[in-house]
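S.K.:
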Amino acid sequence: MKEYLLHIETATTNCSVAVSLEGELLYCKESNAPDFRHSDYLHLFIEAALKEADVAIQSLAGVGVSMGPGSYTGLRIGVSSAKGICYANSIPLIAINSLEVLAQQAKVEQGAFILPMIDARRMEVFTMTLDEKHQVIQPTTAKILTPEWSEDLPKGKKVVIGSGAEKCKAILQGEDFDYQTDIAVPSARDMVGLVTKKYKDKDWEDVAYFEPFYLKDFYSNTAKSS
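If you're matching positions, the sequence shown starts at 605 in our numbering and goes up one per residue.
(1) Does the beta-carbon of T750 have 16 or more other beta-carbons within 10 angstroms, so that it is buried, or is it exposed?
(2) Rounded to whole angstroms, what's the CA-CA distance from V669 to L776? Just pull it up for me.
(3) Assign S791 to one of two classes, buried (16 or more other C-beta atoms within 10 Å of its C-beta) or exposed (fewer than that).
(4) Could you tell me whether the Cβ atoms of K561 and W753 are closer together than 8 Å?
(5) Have a look at the DSSP bridge pairing and note the partners of T745.
(6) Any contact between the region 709–729 and the region 631–642? By contact I mean 3 or more CB pairs, one from each, below 8 Å.
(7) Helix, strand or coil: which one does DSSP assign to D794?
(8) Throw me the rounded Cβ distance for the M721 and S702 pair, which I believe falls under 8 Å.
(9) Assuming L679 is part of the alpha helix (DSSP H), what are its boundary residues?
(10) Can you round the beta-carbon distance between I741 and V667 to whole angstroms, since I take them to be within the 8 Å contact cut?
(11) So which of Y631, S624, I661 and R680 has the shortest CA-CA distance to R641?
(12) Just to confirm, is the Cβ distance from V729 to T616 under 8 Å?
(13) What span of residues does the beta strand (DSSP E) with E809 cover, start to end?
(14) If I'm right that V659 touches Y608 with Cβ under 8 Å, what's the distance once you round it to whole angstroms?
(15) Inspect the beta-carbon positions of G627 and T800 and report whether they are closer than 8 Å.
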């Protein structure tokens, strides 16, 4: 039986859906815009990706979802959709850290490190540290940007990527920091390898109880009515 997997990434402004077979990407549908509403388009993207890959939703073997950290609303929508598909089809749910998905886009030299960063508003980012083999060496954290932070980072070349990278330039300086600002948001296409491995290892989530990895409490800038 062919093991088709669906991949959903909504942790940032990028609404991204992919379909894979045995670790190979079949199709990816995505759109990245600051005012993009995942609630309006995610299900349309899922339908389009399955249609283009010529895969019936009933043929899926599992669903991979970006678990966070990232946008509270985006994560809630993505995880809810993934759980709904898993419930309806009695298939496993596989969750992947959004920063690890983002880090897949970075290609670094031996001995260098990857600092994927997702903007967490103001002078704060969601981040972690990975080595050149994309192995996590410093776990996910919500970090306030200060010059002192560099003292806690590993010595050597550090490739900084993601939506939070730009505002780090004035804080984390020096020849050890390589800012690759062309890598801005995670994509479902980069979930394929990570999800496939966890699927084969049966590293699955409990669909009934799984919640996104928000890392920070939700807050809104909307003024309260009196």
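Idealized CB from N, CA, C, for every residue including glycine.
M.R.: The short version:
(1) Taking all protein chains shown into account, T750 has fewer than 16 neighbouring C-beta atoms within 10 Å of its C-beta and is therefore exposed.
(2) Each residue's alpha carbon lies about 31 Å from the other.
(3) Flag for S791 reads buried.
(4) It is not possible to answer for residue 561, since the shown part of the chain is limited to 605 through 830.
(5) Looking at the DSSP output, T745 sits in a beta bridge with T731.
(6) Flag = no, the region 709–729 and the region 631–642 do not touch.
(7) Three-state DSSP puts D794 in a helix.
(8) Not really, about 11 Å apart at Cβ, beyond 8 Å.
(9) For L679, the enclosing alpha helix (DSSP H) begins and ends at Y676 to N693.
(10) Not quite, the Cβ-Cβ distance comes to about 29 Å (not below 8 Å), so this is no contact.
(11) Looking at the Cα atoms, R680 is the closest of the given residues.
(12) Contact annotation: V729 and T616 have beta-carbon atoms that are not nearer than 8 Å.
(13) No beta strand (DSSP E) contains E809, which DSSP labels as neither H nor E.
(14) Rounded, the Cβ-Cβ distance is 5 Å, consistent with contact.
(15) Yes.
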